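J.: Please read through the structure below; I'll follow up with questions.
Below you can see the structure in the form of C-alpha cells.
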C-alpha cells in the first residue's frame, strides 16, 4: 500500500512547557490473565509471582545456557488484551467508549517521545465499536532488523530476566537442590508473563491498557492483591561517576512512564557490576520519581513530565479525531452483519514519530480480512464479529 499525500502533522511541545498538563486518572483493574508455556492464555493468575528481595551477590549470568526465549518473529498483535476484554465484557465492565485500547508499551513510546532523539516508530490505528485500537506497526523485516541489532546485547538483556528470577517466588515452581540462593527458576519468557488490564484516562480520553506485571507483594499462594501491591523490576549497571548517574536519571523516565501508566506503585532496581554480580538494590515510589528528578542538582533536569503528558494527550486526540468517525459500526449497526456475510472493511490509519520533530498521521486505506484471518491486518476475525454482533 502506497503512502497517501494527505497527512496531519503534530509538532512536539517545547520541553520548557509549563502550562498545566492533562491529568492522568489513577488506573483501576479490569482483569488479569496468564500466558502458558505454549503461549496460550488462561484467565487466571497462574503465572503471577511474588516479590522477595534478591540476595546481594547473586550472579545474574546464572542459567543463561538453559534459557527459553519466546519466538519474537510471531506477532501476537493485541490478541491477549482482546481475549481478556471478551472474557469480562458486561455492563460497566471492559473499556469505556470513545477512547483507546492498546498495550501499555504503545502509550510509553508516545509519552516518552519528547525526549527521544534517535529512534522513530510507527503505529497502526483502527476504530471498532466506539474505540480505537492501536498497535505497533512491526512488519517481519523490521522485527528481523531489531533482533540483529539486539543480538550483541543478549547477555545484558538476560540479566534483567535473571534478576526477576532471583527476586520472585512462584507457587508452581519447585526448588531444586543445586540452585543458588534465591533462584526462582530458569528463565522462560513464554510463560513468565502475568498481565493486567486496566482502565484509566488522560484528560477526557478513556484508556484501556494491557501490560505485563513482574510480581506482587503478598504471601505466596494468596490471591492477586491488586494494583497497589504490584512491583516492577529493573536492572542497571553500578553507578560510579556523574555521567553514569545522569544516564540512569534519563532512564528513569521510561521506568516511571511504564509503571505510572499501568498503576504500579513501586520499582525495584538491581545494580550489577560489569561481571553481572548484583551489588545493591534500591526501591523507588513511582509517583515520587518526577520530584526526585527535579531535586537533582543540575542546571536543567534531564526530563519533566509536562511535555510527556501534553504530547500523549495531543497524539491520542489526533488519532481519535480522524479514526473514530471511520468505525464500521456507524455504517453497519450492531447485528446488521450476519455470520455468513463478509465483514465490512476496516479503515486503517498510521501515525509515525519523527525524532525531534513530531508525529504525522495518515490514512492507509480500506483493508478487509487478510490471509491470516485478521481484520485490517490487526484484529482476529472472530473478535470483530463478536463486537459487531
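Numbering (UniProt numbering), first residue to last: 1 to 389.
In this text, a Cβ means the ideal position worked out from N, Cα and C, and glycines have one as well.
Just so you know, these numbers come straight off a predicted model, no measurement behind them.
Pick helix, strand or coil for residue 383, following the three-state DSSP scheme.
T.: Numbered from its first residue, the chain shown carries residue 383 at position 383. It is helical.
J.: Taking its Cβ as the centre, do 16 or more other Cβ atoms sit within 10 Å of residue 393, making it buried, or is it exposed?
T.: Only positions 1 to 389 of the chain appear in this structure, which leaves residue 393 out of reach.
J.: Out of 194, 165, 61 and 302, which has the shortest C-alpha to C-alpha gap to residue 274?
T.: Residue numbering aside, residue 274 sits at position 274 when the chain shown is read from its first letter. Residue 61 is the option with its Cα nearest to residue 274.
J.: Ignoring anything shorter than 4 residues, give me the alpha helix (DSSP H) runs that lie fully in the region 299-364, in order along the chain.
T.: 305-323 and 328-331
J.: Given this structure, state the Cα-to-Cα distance separating residue 50 from residue 341, to the nearest angstrom.
T.: The residue given as residue 50 occupies position 50 in the chain shown. The residue given as residue 341 occupies position 341 in the chain shown. Their backbone Cα atoms lie some 48 Å apart in a straight line.
J.: Give me the residue from 68, 44, 299 and 153 with the minimum Cα distance to residue 88.
T.: The count along the chain shown starts at 1 and reaches residue 88 at position 88. When each option's Cα is compared against that of residue 88, the closest is 44.
J.: Can you pull the DSSP bridge partners for residue 179?
T.: Sequence index remark: in the chain shown, residue 179 carries index 179 (1-based). Beta-bridge pairing links residue 179 to no other residue.
J.: Taking the continuous alpha helix (DSSP H) assigned at residue 87, which residues delimit it?
T.: One-based indexing of the chain shown puts residue 87 at position 87. It spans 79-88 - the alpha helix (DSSP H) in which residue 87 sits, taken as one unbroken run.
J.: Per DSSP, what kind of secondary structure is residue 201 in: helix, strand or coil?
T.: Along the chain shown, one-based indexing puts residue 201 at 201. In this structure, residue 201 counts as strand in the three-state DSSP scheme.
J.: At a threshold of 8 Å, does residue 73 count as lining the ligand NAP (C-beta to nearest heavy atom)?
T.: As presented, the structure is devoid of all ligands, the ligand NAP included, so that no description of it is given.
J.: Can you give the Cα-Cα distance for residue 80 and residue 350, rounded to whole angstroms?
T.: Here residue 80 corresponds to residue number 80 of the chain shown, with the count starting at 1. Here residue 350 corresponds to residue number 350 of the chain shown, with the count starting at 1. One Cα belongs to residue 80, the other to residue 350, and the distance between them is close to 22 Å.
J.: Could you check if residue 13 is buried or exposed, using at least 16 other CB atoms within 10 Å of its CB as the buried criterion?
T.: As a first step, residue 13 is located in the chain shown; it is residue number 13 there, counting from the start. Buried, since its Cβ has 16 or more Cβ neighbours within 10 Å.
J.: Assuming residue 283 contacts residue 306 (C-beta within less than 8 Å), just tell me the rounded distance between them.
T.: Position 283 of the chain shown, counted from the first residue, corresponds to residue 283. Position 306 of the chain shown, counted from the first residue, corresponds to residue 306. That belief does not hold up - the Cβ atoms of residue 283 and residue 306 are roughly 25 Å apart, past 8 Å.
J.: With three or more C-beta pairs closer than 8 Å as the rule, is the region 192-208 touching the region 144-160?
T.: no
J.: What does a CB cutoff of less than 6 Å around residue 1 pick up in its chain, not counting 5 residues either side in sequence?
T.: The sequence position of residue 1 within the chain shown is 1, counting from 1. Confidence is the limiting factor: at residue 1 the pLDDT is only 44, short of 50, which leaves the residue's position unreliable, though a coordinate-based value still follows. Contacts found: 364 and 365.
J.: Which ranges does the beta strand (DSSP E) cover as unbroken runs of at least 3 residues, wholly within the region 18-86, from first to last along the chain?
T.: 28-35
J.: Taking buried to mean at least 16 other C-beta atoms within 10 Å of its own C-beta, is residue 36 buried or exposed?
T.: By one-based count along the chain shown, residue 36 stands at place 36. Classification of residue 36: exposed, given that the 10 Å Cβ count is below 16.
J.: Identify the residues that DSSP records as bridge partners of residue 11: which are they?
T.: Position 11 of the chain shown, counted from the start, is the residue given in the question as residue 11. The partner list for residue 11 (beta bridge, DSSP) reads 358.
J.: Quick one: grab the DSSP three-state call for residue 2.
T.: As a first step, residue 2 must be located in the chain shown, where it is residue number 2. At residue 2 the pLDDT is 48, less than 50, meaning the model places this residue with poor confidence and gives no usable figure here.
J.: If we ignore side chains and look at the alpha-carbon of each, how far apart do residue 386 and residue 332 end up?
T.: Translated into positions along the chain shown, residue 386 becomes position 386. Translated into positions along the chain shown, residue 332 becomes position 332. Distance between the alpha carbons of residue 386 and residue 332: 14 Å.
J.: Beta carbon of residue 119, beta carbon of residue 352: below 9 Å?
T.: Here residue 119 refers to the residue found at position 119 of the chain shown. Here residue 352 refers to the residue found at position 352 of the chain shown. Not closer than 9 Å, so no.
J.: Roughly how many whole angstroms lie between the Cα atoms of residue 63 and residue 220?
T.: On the chain shown, residue 63 is found 63 positions in, with the first residue counted as 1. On the chain shown, residue 220 is found 220 positions in, with the first residue counted as 1. Going from the Cα of residue 63 to the Cα of residue 220 covers about 23 Å.
J.: State the beta-bridge partners of residue 123 as determined by DSSP.
T.: In the chain shown, the residue the question calls residue 123 occupies position 123. Looking at the DSSP assignment, residue 123 forms a beta bridge with 136 and 351.
J.: Just reading off the alpha helix (DSSP H) that residue 414 is part of, what are its end residues?
T.: Here the chain comprises residues numbered 1 to 389, so residue 414 is not present and cannot be evaluated.
J.: With contact counted as at least three CB pairs below 8 Å, one residue from each stretch, are the region 94-110 and the region 315-324 in contact?
T.: yes
J.: Between which two residues does the beta strand (DSSP E) carrying residue 280 extend?
T.: To locate residue 280, count along the chain shown from 1; it is residue 280. Element bounds for residue 280: 278-285.
J.: When you compare only the Cα positions, how much space is there between residue 85 and residue 27?
T.: Within the chain shown, numbered from 1, the residue matching residue 85 stands at position 85. Within the chain shown, numbered from 1, the residue matching residue 27 stands at position 27. Using only the alpha carbons, I get a separation of about 16 Å.
J.: Looking at residue 230: is its Cβ nearer than 9 Å to the Cβ of residue 180?
T.: Position 230 of the chain shown, counted from the first residue, corresponds to residue 230. Position 180 of the chain shown, counted from the first residue, corresponds to residue 180. No, they are not a contact pair.
J.: Of all the options 227, 209, 208 and 211, which has the alpha carbon lying nearest to the alpha carbon of residue 217?
T.: Mapped onto the chain shown, residue 217 falls at position 217. Residue 217 has its Cα closest to that of 227, out of 227, 209, 208 and 211.
J.: If we call anything under 9 Å between Cβ atoms a contact, is residue 360 one with residue 7?
T.: In the chain shown, counting from the first residue as 1, residue 360 sits at position 360. In the chain shown, counting from the first residue as 1, residue 7 sits at position 7. For residue 360 and residue 7, yes; Cβs fall inside 9 Å.
J.: Could you check which residue in 356, 131 and 168 has the C-alpha nearest to that of residue 183?
T.: For the purposes of this step, residue 183 is taken as residue 183 along the chain shown, with counting starting at 1. Relative to the Cα of residue 183, the nearest Cα in the group 356, 131 and 168 belongs to 168.
J.: Classify residue 288 as buried or exposed, calling it buried when 16 or more other Cβ atoms lie within 10 Å of its own Cβ.
T.: By 1-based counting over the chain shown, the position of residue 288 is 288. By the neighbour-count definition (other C-beta atoms within 10 Å, threshold 16), residue 288 is an exposed residue.
J.: Looking at the unbroken beta strand (DSSP E) that takes in residue 233, where does it start and where does it end?
T.: For the purposes of this step, residue 233 is identified with residue 233 of the chain shown, where counting begins at 1. Residues 230-237.
J.: Mind checking whether residue 314 and residue 108 have CB atoms under 9 Å apart?
T.: Within the chain shown, numbered from 1, the residue matching residue 314 stands at position 314. Within the chain shown, numbered from 1, the residue matching residue 108 stands at position 108. The answer is no: Cβ separation not under 9 Å.
J.: Beta carbon of residue 337, beta carbon of residue 377: below 9 Å?
T.: The residue labelled residue 337 in the question sits at position 337 within the chain shown. The residue labelled residue 377 in the question sits at position 377 within the chain shown. For residue 337 and residue 377, no; Cβs fall outside 9 Å.
J.: If you compare alpha carbons, which of 83, 329, 295 and 190 is closest to residue 74?
T.: Looking up residue 74 in the chain shown gives position 74. Nearest C-alpha to residue 74: 190.
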